[in-house]
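Count the sequence shown with the UniProt record's numbering and you get residues 1 to 580, in order.
Just so you know, even glycine gets a beta-carbon here, dropped at the ideal spot from N, CA and C.
What you are looking at is a predicted structure, and each value in this text was computed from that prediction instead of being measured.
Take a look at the structure set out below.
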Amino acid sequence: MRGARFGGQECPAVERASRFDAARVDPAGARGHVGPAMERLPADPSLRDIRAWPFEEAAKVADRASVKAKGTALFETGYGPSGLPHIGTFGEVARTTWVRRAFERLTGMPSRLLAFSDDMDALRKVPDNVPNPELLRAHLGRPVSRIPDPFGTHESYGAHNNARLRAFLEAFGFEFEFASSTDYYSSGRFDQALLRMLAVHEEVRQVILPTLGPDRRATYSPFLPIHPKTGIVMQVPMEEVRPEAGTVVWRDPETGERFETPVTGGHVKAQWKADWALRWYALGVDYEMSGKDLIDSVKLSSAICRVLGGEPPVGFTYELFLDAQGQKISKSKGNGLTIEEWLRYAPPESLSLFMYQQPGRAKRLHFDVIPRATDEYLANVEKLRTGNDPANPAWHIHDGALPNGAGSPITFTLLLNLAVAANAETPEMLWGYLRRHAPEATPEASPMLAVLVERASAYYRDMVKPTKRFRPASEPEREALLHLAELLRENQPRIEALPAAERPAAIQDLVYDAGRREPFLQPGKDPSRPGVSRAWFAAIYQVLLGQEEGPRFGGFVALYGIPETIALIEGTLNRSADAA
């Protein structure tokens with residue numbers, strides 16, 4: 001992402017992101033526009049041929065007649081400030097940013113990203129994670145921008161959460177412009193569009209009415225007046241619509257009092273589907289993505305935008321996240337994974353990789369996906385070193401150029417298995433093994449490794465150690481493991497004389513040799529040298545490390561140490577025999 005130089009010591013934005021806590025970050029002074037403007041690049045039409053979804057989306061934006069006429073494009077993301085920004089907020093802004101950067105490279109045109117806060121929306125219920133909930137309860141139904149701040153830091157609850165959003169996006173190095181719905185309504189920036197909606201009031205109603213039940217159908221209007229006495233956002237029928245006066249007439253259902261309210265100047269807000277369309281029309285939004293749960297809303301808002309005389313933006317529907325059991329993530333159930341939890345156990349680049357991959361497919365978001373996402377990110381970084389491929393996810397994550405210090409000589413999964421074998425609950429314990437067996441792997445040589453060591457020890461301490469489940473070895477497994485220990489002992493001098501880069505493969509050959517026995521044999525290309533089944537490698541990890549799977553065991557042994565591995569094998573088998 002632009003503005004953050006991921007993966008090295010030159011990444012203050014990423015360092016902030018790694019420590020991010022949405023509940024504690026100080027929003028004071030958040031600027032609302034982050035990162036330098038991207039250097040204008042010449043158009044590269046050949047990027048249309050790249051098989052990467054950001055370029056596919058960017059091509060759709062580039063083909064819009066309005067974009068060609070303007071010579072620029074407006075990208076938008078939305079935010080509901082009744083709650084704090086979360087992992088979904090990150091995903092939507094990151095994905096939109098990748099499409100935006102792809103557009104700029106494809107066309108050579110400038111662009112803007114507008115982070116739009118719906119802070120004119122009424123607060124319908126009190127969140128369960130705020131102080132002084134009774135303060136909010138007294139203002140239910142009012143716009144969040146006109147409700148006192150229960151945190152006591154800003155002029156309103158909406159302003160507090162808007163500041164949280166800006167600080168959140170700044171922590172990740174996003175380049176964006178912040179926009180407040182309250183400001184746009186009150187300043188008159190939406191006035192012309194609101195008057196246009198008033199002129200086609202009935203046509204807008206006809207778009208929405210077929211989707212409503214009988215009761216709501218009788219009262220629906222795209223305009224929600226702000227009660228001049230109570231400040232409540234009113235959901236009432238319009239008794240009269242007066243386009244020539246720019247007003248609507250409605251009645252307070254409790255008192256019977258009749259009001260004539262201008263639709264301009266912040267005296268009304270639009271119902272949310274109409275509000276979305278109003279924004280697209282008024283601002284000329286060219287691209288906005290949204291979740292699968294909003295497919296029908298996108299269709300309705302697009303229809304309203306056309307009624308107003310505008311062109312709906314290019315859209316992209318991303319799938320929603322699932323929990324470990326494949327169920328939809330729900331805030332009320334608490335079955336999701338927070339961004340703070342992810343960043344406690346892995347660097348932000350790994351989260352970016354997870355968000356980049358297959359956004360149109362439902363994915364399970366839980367703790368077990370973190371190691372794989374981290375190692376897939378590292379693998380893509382290594383591929384990018386050998387070729388500047390715009391189809392590589394790391395190319396998009398790093399805006400086309402790897403920063404200094406990206407990548408790691410040791411995978412996250414290998415560090416986790418080292419932590420398991422060594423019972424390393426602190427980074428210092430892991431560094432002790434690394435200094436002995438991989439002295440070239442230092443924080444100075446690989447800043448990303450330093451991050452991974454810290455995260456791996458935390459992941460082991462919190463997520464792996466409490467759930468480790470060892471199983472006893474079967475008799476064939478016991479014999480094969482003892483044979484492996486003997487092979488390691490016999491070959492230790494030869495292996496340690498090899499260059500460090502060659503040791504993992506040499507040890508892996510011994511692992512295969514030890515497993516070439518029943519019941520692990522399987523046909524190989526060379527009949528005299530049969531293959532080894534996955535059952536052998538599963539036995540190694542389940543018996544020795546209490547894990548279902550792991551990286552190539554040769555790399556683990558090279559890092560953990562041959563004497564230490566021999567002791568691990570013999571000690572585990574002896575304890576198992578004693579227990580029996």
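Item, Value
"I need the DSSP call for Ser533, collapsed to helix, strand or coil.", "coil"
"Roughly how many whole angstroms lie between the Cα atoms of Lys60 and Ala138?", "47 Å"
"Identify the residues that DSSP records as bridge partners of Lys292: which are they?", "Paired residue(s): none; Lys292 is not in a bridge."
"By the DSSP assignment, the alpha helix (DSSP H) with Phe354 in it spans what residues?", "348-356"
"Rounded to whole angstroms, what is the Cα-Cα separation between Ala458 and Val369?", "15 Å"
"Provide the residue span of the alpha helix (DSSP H) that contains Gly432, from first to last.", "427-437"
"Leu415: buried (16+ other C-beta within 10 angstroms of its C-beta) or exposed?", "buried"
"Using the Cβ count rule (16 or more neighbours within 10 Å means buried), how would you classify Ala501?", "exposed"
"Could you give the residue range of the alpha helix (DSSP H) that holds Glu134?", "133-137"
"Give the list of continuous alpha helix (DSSP H) stretches no shorter than 4 residues that lie fully inside the region 466-498.", "475-496"
"My output table needs one value for Lys328: the three-state DSSP class, helix, strand or coil.", "strand"
"Just verifying my parser: in three-state terms, what is the DSSP assignment at Arg112?", "strand"
"Given Ala179, which residues of its chain have a CB within under 8 Å of its CB, disregarding the five upstream and five downstream residues?", "Leu114, Ala115, Phe116, Ser117"
"In three-state DSSP terms, what is Leu209?", "helix"
"Which residues in the same chain have their Cβ closer than 7 Å to the Cβ of Gly315, if we skip the five residues on either side of it in sequence?", "Glu288, Met289, Ser290, Val298"
"Which of helix, strand or coil does DSSP assign to Ser117?", "strand"
"Using only CA atoms, which one of Ala218, Ala245, Ile232 lies nearest to Met238?", "Ala218"
"State the start and end residues of the unbroken beta strand (DSSP E) segment that holds Arg78.", "The identity of residue 78 in the sequence shown is Gly, whereas the question assumes Arg. 73-79 is the span of the beta strand (DSSP E), which, as asked, contains Gly78."
"Check whether the Cβ atoms of Val93 and Thr72 lie closer than 7 Å to each other.", "no"
"Comparing C-alpha positions only, which one of Thr317, Thr107, Asp44, Ala167 sits nearest to Lys70?", "Thr107"
"Tell whether a beta-carbon distance below 7 Å holds between Arg279 and Leu322.", "no"
"Indicate the three-state DSSP secondary structure (helix, strand or coil) for Tyr287 in the structure shown.", "strand"
"Please report the straight-line C-alpha distance between Lys328 and Pro359, rounded to a whole angstrom.", "16 Å"
"With distance defined between alpha-carbon atoms, name the residue in Arg196, Arg105, Phe168, His160 nearest to Gly309.", "Arg196"
"Could you work out which residue in Arg258, Leu136, Gly326, Trp536 is closest to Pro476 when comparing CA atoms only?", "Trp536"
"Does the Cβ-Cβ distance between Val351 and Trp342 come in under 7 Å?", "The residue you asked about is not Val; residue 351 is Leu in the sequence shown. In contact: Leu351 and Trp342 (Cβ atoms closer than 7 Å)."
"Going by DSSP, what residue range makes up the beta strand (DSSP E) through Thr261?", "258-262"
"Is Gly546 closer than 7 Å to Lys465 when the C-beta atoms are compared?", "no"
"Hey, could you find the ends of the alpha helix (DSSP H) Gly91 is sitting in?", "87-107"
"Between the alpha carbons of Pro447 and Arg436, how many angstroms are there, rounded?", "19 Å"
"What first and last residue would you give for the alpha helix (DSSP H) that runs through Gly555?", "553-560"
"Where does Gly152 sit, in a helix, a strand or coil, going by DSSP?", "coil"
"Look at Arg101 and Asp389 and say whether their C-beta atoms are less than 7 Å apart.", "no"
"Classify Thr569 as helix, strand or coil using the three-state DSSP reduction.", "Per the sequence shown, residue 569 should be read as Ile rather than Thr. Residue state, collapsed to three classes: helix."
"So which of Pro54, Ala52, Pro312 has the shortest CA-CA distance to Val67?", "Pro312"
"Report yes or no: do three or more beta-carbon pairs, one from the region 47-57 and one from the region 391-408, lie closer than 8 Å?", "yes"
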